[in-house]
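Worksheet: one structure, shown below.
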């Protein structure tokens, strides 16, 4: 009987310590996302961690409605980024040529400026869609029952054992 008790205790200690190791450093997906107004849009945070567009998409995948919105925002972000960089290059190259004393092609600079002008409203639309997706995601978190967020664990510490409720 004594061997069975010792064996069960070892199994529980091993299981409890493994569960604690897995949990350390991982942010739960049920944490809400906060937004801060920034130049040209918003910056998104989960806790203290700043999130980029790729991380937002991965985080919102379980929420189908928010996921659809953030994927649309991601597509628009890609288009705006490509247009903005191409336009910036097309404006910057003739300016650099002019500063270096060469003969610049101002038509290319004009086309680049046009690309930048087109990229700005697309970028603003991206910010608006991302904000809506975050609001949808956060509202979905609030509708989850409190039991789903809680976790009941059997723990063993030093000279005691018991149940712990993690909120």
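In the numbering used here, the protein residues as written are 10 to 176. Note that CB positions come from ideal geometry on N, CA and C, so glycine has one too.
DSSP bridge partner residues for residue i (one or two, in chain order)
{"i": "residue 148", "result": "DSSP output for residue 148 lists no bridge partner at all."}
{"i": "residue 3", "result": "Outside the modelled stretch of the chain, which goes from 10 to 176, sits residue 3, for which no answer is possible."}
{"i": "residue 172", "result": "163"}
Extent of the continuous beta strand (DSSP E) run through residue i
{"i": "residue 160", "result": "160 to 166"}
Assigned exposure category for residue i - 16 Cβ within 10 Å defines buried
{"i": "residue 148", "result": "exposed"}
{"i": "residue 130", "result": "exposed"}
{"i": "residue 91", "result": "exposed"}
{"i": "residue 146", "result": "buried"}
{"i": "residue 136", "result": "buried"}
{"i": "residue 56", "result": "exposed"}
{"i": "residue 163", "result": "exposed"}
{"i": "residue 166", "result": "exposed"}
{"i": "residue 67", "result": "exposed"}
{"i": "residue 138", "result": "buried"}
{"i": "residue 47", "result": "exposed"}
{"i": "residue 108", "result": "exposed"}
{"i": "residue 132", "result": "buried"}
{"i": "residue 119", "result": "exposed"}
{"i": "residue 76", "result": "buried"}
{"i": "residue 124", "result": "buried"}
{"i": "residue 143", "result": "buried"}
Please list the segments of the alpha helix (DSSP H) lying wholly inside the region 42 to 121, counting only runs of 4 or more residues, in order along the chain. 62 to 69 and 73 to 108
Can at least three beta-carbon pairs, one atom from the region 163 to 171 and one from the region 51 to 62, be found at a separation below 8 Å? no
Is there contact between the region 87 to 102 and the region 66 to 74, where contact requires at least three CB pairs shorter than 8 Å? no
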